[in-house]
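The structure appears right after this line, and notes come after that.
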Amino acid sequence: MNKGPLLAAVLAGATVALVVVGTIWPVPSAAAWAGRGSLVHSSSTPEAAVANLGEEIRTNAWDKAYASFANKGEFTEQEFIHSVTGAYPSLLTYSLISDVETRPIHASDNEAQVDLKLHWATVVGTSARTFHLNVVKNGDQWQPDWPFVKEPAVPPQVIPVNYLRWDVIYRGPGDDWGAQDAEAPHVRIIDMHPVERADGVVILGELLNEDVVPAYVSVGATLLSKNQSPIATEDCFDKISHILLPKQTTPFLIKFPNVSLSQVGSIRMTPISTLVAASADPVVEISDEQLHPAPGASLTGQLINQSGQIVNVAHVLGTFYDKNGQVVWVADQYVDSALLPQIPVPFSIHIPEDLAKNVSTQRTVLATYSSGGSQ
Amino acid sequence: MKPRSSLLFACLGVAAIHLAFAQAERMSLPKAVEAGVGFSIQITGTGNAALYIVGPGQAIRRDVQLGQPAVFSSGSLYNAGHYLAVLAGSSFSETGSFDVIPASKPANLSFLAKPSRLPVGLHDGITGAVYVFDGYHNLIAAPTPVSFELSASSGAVQKHIVASHDGAAWTAMDSTAEQGSDKFVARVGDVSSTRVVGQVPGDPCGLKMSAKQDGKKIQLTTDPVRDCHGNAVPDGTIVTFTETYSGAQSTIDAPLKRGIAEAAMEARAGATFSVASGVVMGNQIGWAK
Numbered sequence: 001m002n003k004g005p006l007l008a009a010v011l012a013g014a015t016v017a018l019v020v021v022g023t024i025w026p027v028p029s030a031a032a033w034a035g036r037g038s039l040v041h042s043s044s045t046p047e048a049a050v051a052n053l054g055e056e057i058r059t060n061a062w063d064k065a066y067a068s069f070a071n072k073g074e075f076t077e078q079e080f081i082h083s084v085t086g087a088y089p090s091l092l093t094y095s096l097i098s099d100v101e102t103r104p105i106h107a108s109d110n111e112a113q114v115d116l117k118l119h120w121a122t123v124v125g126t127s128a129r130t131f132h133l134n135v136v137k138n139g140d141q142w143q144p145d146w147p148f149v150k151e152p153a154v155p156p157q158v159i160p161v162n163y164l165r166w167d168v169i170y171r172g173p174g175d176d177w178g179a180q181d182a183e184a185p186h187v188r189i190i191d192m193h194p195v196e197r198a199d200g201v202v203i204l205g206e207l208l209n210e211d212v213v214p215a216y217v218s219v220g221a222t223l224l225s226k227n228q229s230p231i232a233t234e235d236c237f238d239k240i241s242h243i244l245l246p247k248q249t250t251p252f253l254i255k256f257p258n259v260s261l262s263q264v265g266s267i268r269m270t271p272i273s274t275l276v277a278a279s280a281d282p283v284v285e286i287s288d289e290q291l292h293p294a295p296g297a298s299l300t301g302q303l304i305n306q307s308g309q310i311v312n313v314a315h316v317l318g319t320f321y322d323k324n325g326q327v328v329w330v331a332d333q334y335v336d337s338a339l340l341p342q343i344p345v346p347f348s349i350h351i352p353e354d355l356a357k358n359v360s361t362q363r364t365v366l367a368t369y370s371s372g373g374s375q
Numbered sequence: 376m377k378p379r380s381s382l383l384f385a386c387l388g389v390a391a392i393h394l395a396f397a398q399a400e401r402m403s404l405p406k407a408v409e410a411g412v413g414f415s416i417q418i419t420g421t422g423n424a425a426l427y428i429v430g431p432g433q434a435i436r437r438d439v440q441l442g443q444p445a446v447f448s449s450g451s452l453y454n455a456g457h458y459l460a461v462l463a464g465s466s467f468s469e470t471g472s473f474d475v476i477p478a479s480k481p482a483n484l485s486f487l488a489k490p491s492r493l494p495v496g497l498h499d500g501i502t503g504a505v506y507v508f509d510g511y512h513n514l515i516a517a518p519t520p521v522s523f524e525l526s527a528s529s530g531a532v533q534k535h536i537v538a539s540h541d542g543a544a545w546t547a548m549d550s551t552a553e554q555g556s557d558k559f560v561a562r563v564g565d566v567s568s569t570r571v572v573g574q575v576p577g578d579p580c581g582l583k584m585s586a587k588q589d590g591k592k593i594q595l596t597t598d599p600v601r602d603c604h605g606n607a608v609p610d611g612t613i614v615t616f617t618e619t620y621s622g623a624q625s626t627i628d629a630p631l632k633r634g635i636a637e638a639a640m641e642a643r644a645g646a647t648f649s650v651a652s653g654v655v656m657g658n659q660i661g662w663a664k
């Protein structure tokens, strides 16, 4: 006897039954992630209180989150929202919280410290921010104190800006054959160095705009085998500052996953440059740049916007050199808050532990993006 | 077999002779015609026929009377190339060919000048290539003298005269020591074409800054930034100021404004300030106060 139809009927019936059960009595976490209900539980422990807060922030239940604070008299709900997402458009404006982590640090009968780590999924990857919360017991419930830091405000003022701006008129469709076009900017690779890493080959280097006009730049590379046949072609994507003003230099990093340096006979580099309209504003000081050795090797510093224009997204690129001046690594970080005039914003770029001991000096450059145009 | 072969060869021979006589008799083609110039084809015999002329981008059909020349006015054939003429009568057809060659007088130049912008003081940095055309856009392949003239804004002139080869002539010129917009002119006879080549300053030379305390800040200011030929480096060029102090550093990328770059950095005792632009290093200043 053929049992196939019977088995199919049983499987179909079971599937329908499970769908019905899951719809009528959903698992709370599934319902919460689907936008129905929430994962909020009773705040009977400090960790649960902070987990509830994280969940309310994740679902943008700002009023519930604000209501749960023990210290809500110190700030308004709007100020609380701004302390999480920023008052000005920034990287976090265009992102969602993808994960919430809590970590108990210390607890007594009436007070506890719990870390709340929010993971944002942004357009350029994940971004995490940790808040150190003090949690106090109120009756049989625990209530977190929000670590409110008043966001620095820029006083209303007029800042005259008279930096250069370049505009470009390209050749038109009516121009004769042979008529000149606006020349593409002249750029030059001033350093290039392949490195073997666990996940493949990485090409590090630096690119200089040696022209007197701004350039949109990128760098492509093709690995060639010893018999000169192409192995792979990649470009640097966002591991570069794409807009270079005259005489400005950017590092670049190109990854070739799953390729070994022993396979490579030569490398064909392709710098790309296009003339673009750009502005010399804003000027940002990169202050207090410090190299920290392993463990936890990093480059830290502060960004201080010296112009009047608000920078919505800042991309910090660090170039790390050994004692001979050779590039040993390139790393970057997107700063997740807007740069307001004269307000320092910290940054921290991770350096791979195994390379940190070779790093002797560094050079930091910044790419900035302002709403309404890019720089 | 042998008598049959002989007969066949004899027939072919007669046909060839007949054809040769027929061609010689009916249509007399010029060997070459200049593009755009009028010409005639002598046709002998009696009766009517159709004359077809087919060439690159052109085809003409003309009803002709045998015994009278077929006259083509100027401008009838203007594309240079190899043409086929076919004379087709009711009981015969005859073919021939001739060439239409470019007009001898240049009327148009296609002038490619590269680059449109380059640093001053580059040997053979500017290249110019010219293609010489007649009034019908036919490439004039005959050697033609082409004059290239690069005039700097200072009045200095570089002039090269080059004979074209297969319709093209090219040259290389040096960029001068002075920035500005140079006129690059290619000329053949009274026909000319002009391009503009921007000569821009090179890398900064002798980059130097001074420091002055302004409250808690040090005001760093460069001297007017010039290249090694004395040209002012254009505004917008990035100058990097670096302050190094007790294992840390701060940097500012400041654009040149009115020929100088300025930056205000924290005044820290024992700090060293340095300045650079691109790959050019400037001076260093130690701050002991």
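Protein chains in written order, with the numbering used here: chain F, 1 to 375; chain B, 376 to 664. The beta-carbon is built from N, C-alpha and C at its ideal position, and this holds for glycine as well.
Distance, Cα to Cα, residue i vs residue j?
i: H119 of chain F; j: D598 of chain B; result: 48 angstroms
i: K3 of chain F; j: A12 of chain F; result: 14 angstroms
i: S203 of chain F; j: I351 of chain F; result: Correcting the residue identity first, residue 203 of chain F is Ile in this sequence and not Ser. Spanning the two alpha carbons is a distance of roughly 16 angstroms.
i: G464 of chain B; j: P520 of chain B; result: 47 angstroms
i: S539 of chain B; j: A516 of chain B; result: 8 angstroms
i: P444 of chain B; j: I418 of chain B; result: 5 angstroms
i: S529 of chain B; j: Q574 of chain B; result: 12 angstroms
i: R103 of chain F; j: A121 of chain F; result: 20 angstroms
i: S287 of chain F; j: G200 of chain F; result: 34 angstroms
i: A543 of chain B; j: T368 of chain F; result: 48 angstroms
i: S556 of chain B; j: L244 of chain F; result: 24 angstroms
i: V328 of chain F; j: D191 of chain F; result: 11 angstroms
i: V283 of chain F; j: G577 of chain B; result: 24 angstroms
i: V10 of chain F; j: P26 of chain F; result: 23 angstroms
i: C603 of chain B; j: V655 of chain B; result: 12 angstroms
i: L595 of chain B; j: G220 of chain F; result: 37 angstroms
i: D322 of chain F; j: P293 of chain F; result: 13 angstroms
i: L53 of chain F; j: A65 of chain F; result: 6 angstroms
i: M269 of chain F; j: E234 of chain F; result: 10 angstroms
i: D549 of chain B; j: Y216 of chain F; result: 28 angstroms
Is the beta carbon of residue i less than 8 angstroms from the beta carbon of residue j?
i: L462 of chain B; j: L426 of chain B; result: yes
i: Y453 of chain B; j: Y506 of chain B; result: no
i: T93 of chain F; j: G653 of chain B; result: no
i: Y334 of chain F; j: S127 of chain F; result: yes
i: K632 of chain B; j: D610 of chain B; result: yes
i: A182 of chain F; j: L261 of chain F; result: no
i: R570 of chain B; j: A488 of chain B; result: yes
i: R592 of chain B; j: E641 of chain B; result: In the sequence as presented, Arg is not what sits at residue 592 of chain B; that position holds Lys. For K592 of chain B and E641 of chain B, yes; Cβs fall inside 8 angstroms.
i: H193 of chain F; j: Q362 of chain F; result: no
i: W146 of chain F; j: N60 of chain F; result: no
i: S337 of chain F; j: S90 of chain F; result: yes
Skipping 5 residues on each side, what residues in its chain have a beta carbon closer than 6 angstroms to that of residue i?
i: T130 of chain F; result: D115 and K117
i: Q290 of chain F; result: T300
i: A49 of chain F; result: S43, V135, W142 and P144
i: G432 of chain B; result: N454
i: P346 of chain F; result: Q302
i: P579 of chain B; result: V600, V608, S652 and V655
i: Q398 of chain B; result: For Q398 of chain B, the predicted model reports a pLDDT of 48, less than 50, meaning its position is unreliable and no value from the coordinates is stated.
i: I627 of chain B; result: F616 and A638
Can you find the residues in the same chain that come closer than 8 angstroms, C-beta to C-beta, to residue i, ignoring five residues on each side of it along the sequence?
i: W62 of chain F; result: E56, E77, F80 and I81
i: L404 of chain B; result: I416, A460, G471, S472 and F473
i: I536 of chain B; result: P520, V521, S522 and F523
Within the same chain, show all residues whose beta-carbon is closer than 7 angstroms to that of residue i, passing over the 5 residues directly before and after it, in chain order.
i: K239 of chain F; result: F252, L253, V330 and D332
i: S83 of chain F; result: F148, V149 and E151
i: A87 of chain F; result: E151
i: F414 of chain B; result: P405, V408 and F447
Shorter than 7 angstroms, the distance from the beta carbon of residue i to the closest heavy atom of the ligand ZN, or not?
i: L291 of chain F; result: As far as ligands go, the structure on display features none, and thus does not contain the ligand ZN.
Go through the region 540–611 of chain B residue by residue and report every complete run of the alpha helix (DSSP H) that reaches 4 residues or more, in order. none
Examine the Cβ distances between the region 467–476 of chain B and the region 489–498 of chain B and report whether three or more of them are shorter than 8 angstroms. no
Kindly confirm or deny that the region 163–178 of chain F and the region 140–152 of chain F touch, where touching means at least three C-beta pairs closer than 8 angstroms. no
Mind the definition here: the region 642–657 of chain B touches the region 611–619 of chain B only if three or more C-beta pairs lie below 8 angstroms; say whether that holds. yes
Where in the region 55–125 of chain F do unbroken runs of the alpha helix (DSSP H), each at least 4 residues long, occur, reported from the N-terminal end onward? 62–67 and 77–85
Runs of beta strand (DSSP E) wholly within the region 176–237 of chain F (minimum 3 residues, chain order): 187–197, 200–209, 215–225 and 230–235
What are the complete beta strand (DSSP E) segments, minimum 3 residues, inside the region 229–308 of chain F? 230–235, 249–257, 264–275, 284–292 and 298–305
Any beta strand (DSSP E) of 3 or more consecutive residues that is wholly inside the region 434–463 of chain B: 445–447
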